[in-house]
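2 protein chains.
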Amino acid sequence: MDIPYSPRKNALIGALPMEEWLRLISHLEPVAMPLGDVLYEPGQVLRYAYFPVNAIVSLLYVMANGASAEIAVVGNEGMVGTPIIMGSETSSCRAVTQSAGYGFRIRASLLKQEFKTRPSIASLLLRYTQALITQITQTAVCNRHCVLEQQLCRWLLLSLDRLECTELTMTQELIANMLGVRREGVTEAAGKLQKQGLIRYSRGHIKILDRAGLELKSCECYQVVRREYEKLFPPRAF
Amino acid sequence: MDIPYSPRKNALIGALPMEEWLRLISHLEPVAMPLGDVLYEPGQVLRYAYFPVNAIVSLLYVMANGASAEIAVVGNEGMVGTPIIMGSETSSCRAVTQSAGYGFRIRASLLKQEFKTRPSIASLLLRYTQALITQITQTAVCNRHCVLEQQLCRWLLLSLDRLECTELTMTQELIANMLGVRREGVTEAAGKLQKQGLIRYSRGHIKILDRAGLELKSCECYQVVRREYEKLFPPRAF
DNA sequence: TATCTTATGTGGGATAGCGCACAGTGGGGC
DNA sequence: GCCCCACTGTGCGCTATCCCACATAAGATA
Chain A
1 MDIPYSPRKN ALIGALPMEE WLRLISHLEP VAMPLGDVLY EPGQVLRYAY FPVNAIVSLL
61 YVMANGASAE IAVVGNEGMV GTPIIMGSET SSCRAVTQSA GYGFRIRASL LKQEFKTRPS
121 IASLLLRYTQ ALITQITQTA VCNRHCVLEQ QLCRWLLLSL DRLECTELTM TQELIANMLG
181 VRREGVTEAA GKLQKQGLIR YSRGHIKILD RAGLELKSCE CYQVVRREYE KLFPPRAF
Chain B
1001 MDIPYSPRKN ALIGALPMEE WLRLISHLEP VAMPLGDVLY EPGQVLRYAY FPVNAIVSLL
1061 YVMANGASAE IAVVGNEGMV GTPIIMGSET SSCRAVTQSA GYGFRIRASL LKQEFKTRPS
1121 IASLLLRYTQ ALITQITQTA VCNRHCVLEQ QLCRWLLLSL DRLECTELTM TQELIANMLG
1181 VRREGVTEAA GKLQKQGLIR YSRGHIKILD RAGLELKSCE CYQVVRREYE KLFPPRAF
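Line order of the protein sequences matches chains A and B.
The first sequence begins at 1 in this note's numbering and counts up by one.
The second sequence begins at 1001 in this note's numbering and counts up by one.
Next up, the structure:
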């Protein structure tokens, strides 16, 4: 398989000091991440951690009755598999590729070893985990207090930040699953956004026309997550 | 001040190997934790980490418009101040004492030092942080999908697990703030639970009469959090 | 004991989102 | 070029929760 991306296009890998990067390079295995790909199931032992490059992965919780809710989203700014470094064998969420692309993976045992022995790697991954905690926190808040239209804006922006382009391939049905709401609700909210000229969509393709407008319509939850990330990973550090 | 509890009554402190415990003991400072005590505000630099013994602390997010939502709750099973070890100076939540009691605190700089140099301490605190992530995750899910009555059951059970007795001192107004709902909603839900003989309350005092019944009425979210904790901290390890 | 404060109970109208049913439609497969 | 299926649009009744206003009551205070 030919991967047209360097692992360093993932921000975590890219932020590694040269020495650590040279150590890790041989352990990073390129992987295709097709849409719908399940990286791990709840309760299942995590065998790999994943570093997306241009794919987006959703951490999705599925309840006993089948209802679902996205807890957080991971793109090239992060890593899928934080429980590995936190000392847990498993996750209570399913990790599923929400936007197809490529990434790199590393064996859990190796990552654990690196984490334990290399302080700069440990520090980097812990800071990322803290950013993820902020995102999960804000998901909880947003689920409680924000109306669907705002939540949709937040969701679109979070996805957009993790893509190179301004178009997402994503049906309203799938978005509804992520947000844990009805498909019809997404149809209505997306219709409003389209009328306002913020987005344009048709049959599984959503084009963002006015990013700034979306940010204005969104609740504060998006900005909180973004600012925390920027605080933990100041651009100068890269 | 005379503190009638040992730091080891906090489960994390209690789980430390003897050697580590002896190192830490002189750095642990007893603190009273009165009701409503604010341990830290969002954005404020964390100067101490807190290990509650018989107090309960809520991690509360407050939105720009004043709406609030409890993200997680910490009692003698855990620590307040996980961002310290994760490499963040601040938290996006307010930490406020929800049930008065005692605890111990340690300076952030010292904790950070211990975390970096003592693997057994690091492992313990990371596993706790993972348990906290699970709790936050479940809060997000619960906020999305569970009805108020179930959420109230979950909340009562989480509090009960962190207390020695079966009575909480807590008005419906305060519970409403934690759950991020109206006070009237709590009145209604609590009224139902009382009619069913599960609890009895009056003017700020809630007595749990039938714990098993509450667990049945609760959504799955409570059990998920509890089981994850038990998995990360198997009773035998203590 | 009288009063006052704080906690709890209740009701009515508004609204967001759900569940269900079904209608339209566009694009890919044949 | 046609058809079909997946995606989207829409309507309707229902429920949980919200917002607001006010009634009641239990304990604290004097």
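All C-beta atoms in this analysis are idealised placements derived from N, C-alpha and C, irrespective of residue type, glycine included.
Model, not experiment: these values are computed from the prediction.
Pairwise C-beta distances place the region 1042-1051 of chain B in contact with the region 1099-1112 of chain B, as three or more of them are shorter than 8 Å. At a cut-off of 8 Å between beta carbons, Y1040/B makes no contact with chain A.
Fully enclosed beta strand (DSSP E) runs of no fewer than 3 residues occupy 1029-1033, 1038-1040 of the region 1015-1048 of chain B, in order along the chain.
DSSP links F1104/B through a beta bridge to P1030/B, F1051/B.
Put simply, the backbone Cα of G1191/B is about 25 Å away from that of A1100/B. In the three-state scheme derived from DSSP, where H, G and I count as helix and E and B as strand, V1225/B is classed as helix. Here Q196/A is actually not in contact with V186/A; their C-beta atoms are around 16 Å apart, not less than 8 Å. Check the Cα spacing between S1109/B and each of L1126/B, I1085/B, A1064/B: the tightest is with I1085/B. Nearest C-alpha to H205/A among E20/A, E77/A, C165/A: C165/A. In the DSSP assignment, T137/A falls within the unbroken alpha helix (DSSP H) covering 119-145.
The three-state reading of DSSP puts E1220/B in helix, counting H, G and I together. For S99/A, the enclosing beta strand (DSSP E) starts and ends at 94-99. Contact between Y1128/B and G1078/B holds: CB atoms are separated by about 5 Å, below the 8 Å threshold. Chain-order list of chain B residues neighbouring Y61/A: T1137, V1141, by C-beta distance under 7 Å. Between the alpha carbons of V45/A and E228/A lies a gap of roughly 30 Å.
The C-beta separation of E1149/B from A1122/B comes to about 40 Å, leaving the pair out of contact by the 8 Å criterion.
Your pair Y40/A and A95/A checks out as a contact, with CB atoms roughly 5 Å apart and the cut at 8 Å. Of the candidates L1214/B, P1007/B, V1038/B, L1214/B places its Cα closest to the Cα of D1161/B.
Under the 10 Å beta carbon count, E70/A is surrounded by 16 or more other beta carbons and is classified as buried. Under the 8 Å criterion on CB atoms, C165/A is classed as non-interfacial with respect to chain B.
Counting along the chain, the unbroken beta strand (DSSP E) around A72/A starts and ends at 68-74. With respect to chain B, the C-beta atom of L28/A has no partner C-beta closer than 8 Å.
Proximity of C1093/B to chain A, defined by a Cβ-Cβ separation below 8 Å, is satisfied. Within the same chain, and ignoring the five residues on either side of L1125/B in sequence, the residues whose Cβ sits closer than 8 Å to its Cβ are L1012, M1079, T1082, I1085, F1115. Here the region 132-148 of chain A does not lie against the region 10-30 of chain A, with fewer than 3 beta-carbon pairs under 8 Å apart. For S159/A, the uninterrupted alpha helix (DSSP H) segment begins and ends at 148-160. In terms of beta-carbon proximity, S1088/B lines the interface with chain A, with at least one pair separated by less than 8 Å. Chain B has no Cβ within less than 8 Å of the Cβ of L22/A.
Between D1037/B and T1090/B, the C-beta gap is not smaller than 8 Å, which leaves the two residues out of contact.
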